[in-house]
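Student: Chains as they are written, first to last, in the numbering used here: chain H, 17 to 150; chain P, 38 to 458.
1. Quick one: does residue 388 of chain P have its CB under 8 Å from some CB of chain H?
2. Could one say the Cβ of residue 416 of chain P lies closer than 8 Å to chain H's Cβ atoms, at least one of them?
3. Run through chain H and tell me which residues come within less than 8 Å of residue 395 of chain P, C-beta to C-beta.
4. Spatial neighbours of residue 327 of chain P within its chain, please: CB distance less than 6 Å, with the 5 preceding and 5 following residues excluded, ordered by chain position.
5. Return the first residue and the last residue of the alpha helix (DSSP H) that residue 138 of chain H is part of.
6. Name, please, each residue of chain H whose Cβ falls closer than 7 Å to the Cβ of residue 455 of chain P.
7. For residue 80 of chain P, report the span of its alpha helix (DSSP H) as first-last.
8. Are there 16 or more other CB atoms within 10 angstroms of the CB of residue 36 of chain H, so buried, or fewer, so exposed?
9. Taking 8 Å as the threshold (C-beta atoms), are residue 232 of chain P and residue 264 of chain P in contact?
10. Name the chain P residues whose beta carbon is nearer than 8 Å to that of residue 14 of chain H?
11. With burial defined as no fewer than 16 other Cβ atoms inside 10 Å of the residue's Cβ, what is the status of residue 63 of chain H: buried or exposed?
12. So which residues of chain P does residue 120 of chain H contact, with C-beta pairs closer than 8 Å?
13. Starting from the C-beta of residue 299 of chain P, find all residues in its chain whose C-beta is less than 6 Å away, skip the five residues before and the five after it, and write them out in chain order.
14. Determine the chain H residues that contact residue 426 of chain P at a beta-carbon separation under 8 Å, and present them in chain order.
15. Measure the C-alpha to C-alpha separation of residue 62 of chain P and residue 86 of chain P and round it to an integer number of angstroms.
16. Determine the direct distance from the alpha carbon of residue 219 of chain P to that of residue 2 of chain H, and round the result to whole angstroms.
17. Who are residue 151 of chain H's beta bridge partners in DSSP?
18. Please list, in chain order, the chain H residues whose beta carbon lies closer than 8 Å to that of residue 411 of chain P.
19. Can you say whether residue 171 of chain P is buried or exposed, counting buried as having 16 or more other CB atoms within 10 angstroms of its CB?
20. How about the segment 357-369 of chain P and the segment 434-453 of chain P: do they share at least three Cβ pairs that are nearer than 8 Å?
21. Is the shortest distance between the beta-carbon of residue 464 of chain P and the beta-carbons of chain H less than 8 Å?
22. Can you tell me which of the three DSSP states residue 146 of chain H falls into?
23. Going by CA-CA distance only, name the one from P:455, P:421, P:117 and P:168 that's closest to residue 52 of chain H.
24. Do you know how far the Cα of residue 276 of chain P is from the Cα of residue 42 of chain P?
25. Under 8 Å between the Cβ atoms of residue 270 of chain P and residue 82 of chain P?
26. Determine whether the beta carbon atoms of residue 241 of chain P and residue 136 of chain P lie at a separation below 8 Å.
27. Give the secondary structure of residue 262 of chain P by DSSP, where H, G and I count as helix, E and B as strand, and everything else as coil.
28. Once you ignore the five residues that flank residue 178 of chain P on each side, which residues in its own chain have a CB closer than 7 Å to its CB?
29. Are the C-beta atoms of residue 420 of chain P and some chain H residue less than 8 Å apart?
30. Is the number of C-beta pairs between the segment 17-35 of chain H and the segment 70-89 of chain H that are closer than 8 Å three or more?
31. Among the candidates P:216, P:115 and P:199, whose CA atom is the shortest distance from the CA of residue 183 of chain P?
32. Counting along the chain, where does the alpha helix (DSSP H) carrying residue 355 of chain P start and finish?
33. Using the Cα positions of residue 337 of chain P and residue 79 of chain P, report the straight-line distance between them to the nearest angstrom.
34. Using only CA atoms, which one of P:370, P:322 and P:296 lies nearest to residue 158 of chain P?
35. Can you tell me where the beta strand (DSSP E) with residue 305 of chain P in it begins and where it stops?
Structure, rendered in structure tokens:
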């Protein structure tokens, strides 16, 4: 547990980066984690070159889902949508930097799932990395 | 509160500490080296060695298909399978074992009633009633049924302290519903509903009553004749028995009049290429080879519980509830759900803390060896009633004791400290 709830995770939870709703925005998506009902929505604004100019998310959820979305959204500015589609869920877990057990994988990947939903325009399946999740 | 220092013996009851020795799962330590503090009976209960041994013995020495073979081994298996049915009937004080239909679980029992009784008796424009307190298993089958036949499904509201609003029930009964389906105990909040009183009111309004006893039957005496209801559903896995076995009790005249649910072998008397004649009840509702050894395992679980005595089980859990309710109440900012009154609150406590999400709470508790459930408990309308996404839920059973209550409270305090930073 000391490994999971490290200070930087709790810091992201208490003060998440990129919090809120962008208005106007080019892309928007909201999704939930069926095991707990946690909801997360994300808005993105693109620049003239089709790259992500800004991103914001909001929702209520556990420390893992909120910290993961906070860390993920920090990495998005300047990325093309093709690059976003190519993000490896394993890299999202690596960036989180703490060991995630099977029961919490969907928490850790909720932000990733919402991001992909925003880019594709509809709900995407959970990545196989989340399949062990309850 | 220092609960660990108090004596474990409960007047007229038994020691949860001693009962733990009956359950092999408590031999294991958690990966963090802790003793397992299992507080998730409401999801599924561990199995005592007597249940595991009864199933091993049945598979080893008494296994053949039932109701088929003209040979000693099949007669032996059939006798043990039917003995389990008699045990279920006695456990529920059913007038006859012919009123016990073996199913997979309470969910299947409710679906059986929705498909068979519901699609025969509920018509377009009519209403039926369930409650906002229910497990999804007692909501979704009725949503499907009413949608299909064009009937209306109404919900009894919940009060702020987690009880059914009986004035709202009376308002809904005035619409002359055909059926009232409700839980005896809420799996999400622990509320014990006054099913006998509600059944009387529903019958007076001309409705039949289905009781979902999945959360009640493992933990307190259930008497279908005293309740007076028409259908009652239980799950084996929540009452120390195996998964894959449960039972529907229904009054015999209802079962006689209802069409089959699943069809195939065993549930017929005679099949020609033109049609089939149904077997008598309960076989009419038991198509195909049943869960033979699971039924025998459920019978062994009932023997184990009956040996303790269901009134003693209830007293034991009431005692643990009172201590856990108080211990959690002493922790600042813990919000507990359900009635304060131990007479109307089973051994299930749902709680939340603004500062610690239930998922995080459950993970931290797990690292202390305390297994609880975090989530919506398959009762999302309850979560919507209180505008929360989830709760943390601790639930007690015969193997729990005051040390477990103390471990829970200690771990919750540790979570609060961690998140307070």
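Backbone N, C-alpha and C fix where the C-beta goes; we use that ideal spot for every residue, glycine too.
Being a predicted model, the structure only gives us computed values, none of them experimental.
Tutor: With the structure as the only source:
1. What you label residue 388 of chain P is simply residue 351 of the second chain in a count that begins at 1. Taking Cβ atoms only, chain H never reaches closer than 8 Å to residue 388 of chain P, which makes this a no.
2. Along the second chain, read from residue 1 onward, the residue named residue 416 of chain P stands at position 379. Cβ-Cβ to chain H under 8 Å: no for residue 416 of chain P.
3. In the second chain, counting from the first residue as 1, residue 395 of chain P sits at position 358. Those within 8 Å of residue 395 of chain P in chain H are 52 and 78.
4. Translated into positions along the second chain, residue 327 of chain P becomes position 290. Once the five neighbours on either side are set aside, the close Cβ partners of residue 327 of chain P are 139.
5. Within the first chain, residue 138 of chain H is the residue found at index 122, counting from 1. Segment: none, residue 138 of chain H is in no alpha helix (DSSP H) and carries neither H nor E.
6. Residue numbering aside, residue 455 of chain P sits at position 418 when the second chain is read from its first letter. The answer, in chain order, is 21.
7. Position 43 of the second chain, counting from 1, holds the residue named residue 80 of chain P. No alpha helix (DSSP H) holds residue 80 of chain P; DSSP gives it neither H nor E.
8. As a first step, residue 36 of chain H is located in the first chain; it is residue number 20 there, counting from the start. Counting Cβ neighbours within 10 Å, residue 36 of chain H comes out exposed, since fewer than 16 surround it.
9. Mapped onto the second chain, residue 264 of chain P falls at position 227. Mapped onto the second chain, residue 232 of chain P falls at position 195. Yes, these two residues count as a Cβ contact at 8 Å.
10. This structure leaves residue 14 of chain H out entirely; chain H is present only between 17 and 150.
11. Within the first chain, the letter at position 47 stands for residue 63 of chain H. By the neighbour-count rule (16 or more Cβ atoms within 10 Å), residue 63 of chain H is not buried but exposed.
12. For the purposes of this step, residue 120 of chain H is taken as the residue at position 104 of the first chain. Ordered by position in chain P, the residues that pass the 8 Å Cβ test against residue 120 of chain H are 396 and 400.
13. In the second chain, residue 299 of chain P corresponds to position 262, counting from 1. For residue 299 of chain P, where only same-chain residues beyond five positions count, the Cβ hits under 6 Å are 324.
14. Residue mapping note: residue 426 of chain P aligns to position 389 of the second chain, counting from 1. In chain order: 52, 53, 54, 55, 76 and 77.
15. By one-based count along the second chain, residue 62 of chain P stands at place 25. By one-based count along the second chain, residue 86 of chain P stands at place 49. Between residue 62 of chain P and residue 86 of chain P, the C-alpha separation is close to 9 Å.
16. For residue 2 of chain H there is no data in the structure shown, the boundaries of chain H being 17 and 150.
17. Only positions 17 to 150 of chain H appear in the structure, and residue 151 of chain H is not among them; the question remains open.
18. Looking up residue 411 of chain P in the second chain gives position 374. Within chain H, the residues 52 have their CB atoms less than 8 Å from the CB of residue 411 of chain P, given in chain order.
19. Against the second chain, residue 171 of chain P aligns to sequence position 134. By the neighbour-count rule (16 or more Cβ atoms within 10 Å), residue 171 of chain P is buried.
20. The segment 357-369 of chain P is in contact with the segment 434-453 of chain P.
21. The structure shown has nothing for residue 464 of chain P, since chain P only spans 38 to 458.
22. As a working note, residue 146 of chain H is residue 130 in the first chain. Residue state, collapsed to three classes: helix.
23. For the purposes of this step, residue 52 of chain H is identified with residue 36 of the first chain, where counting begins at 1. Looking at the Cα atoms, P:421 is the closest of the given residues.
24. By 1-based counting over the second chain, the position of residue 42 of chain P is 5. By 1-based counting over the second chain, the position of residue 276 of chain P is 239. Confidence in residue 42 of chain P is poor, its pLDDT being 42 and thus under 50, which makes the residue's placement too unreliable to answer from.
25. Sequence index remark: in the second chain, residue 270 of chain P carries index 233 (1-based). Sequence index remark: in the second chain, residue 82 of chain P carries index 45 (1-based). Taking 8 Å as the Cβ cut-off, residue 270 of chain P and residue 82 of chain P do not qualify as a contacting pair.
26. Position 204 of the second chain holds residue 241 of chain P. Position 99 of the second chain holds residue 136 of chain P. Not a contact, by the Cβ cut-off of 8 Å.
27. Position 225 of the second chain, counted from the first residue, corresponds to residue 262 of chain P. Here residue 262 of chain P sits in helix by DSSP.
28. As a working note, residue 178 of chain P is residue 141 in the second chain. Non-local beta-carbon contacts of residue 178 of chain P in its own chain, meaning distances under 7 Å to residues more than five positions away in sequence, involve 147, 148 and 151 in chain order.
29. Counting from 1 along the second chain, the entry for residue 420 of chain P is found at position 383. Interface residue, yes.
30. yes
31. One-based indexing of the second chain puts residue 183 of chain P at position 146. Nearest of P:216, P:115 and P:199 to residue 183 of chain P, Cα basis: P:216.
32. As a position in the second chain, residue 355 of chain P is number 318, starting the count at 1. From DSSP, the alpha helix (DSSP H) with residue 355 of chain P extends over 347-366.
33. Here residue 337 of chain P is taken as the residue at index 300 of the second chain, counted from 1. Here residue 79 of chain P is taken as the residue at index 42 of the second chain, counted from 1. Answer to the nearest angstrom: the Cα atoms are 20 Å apart.
34. Locating residue 158 of chain P in the second chain gives position 121, counting from the first residue. If we check each option's Cα against that of residue 158 of chain P, P:296 comes out closest.
35. By 1-based counting over the second chain, the position of residue 305 of chain P is 268. Per DSSP, residue 305 of chain P belongs to the beta strand (DSSP E) from 305-308.
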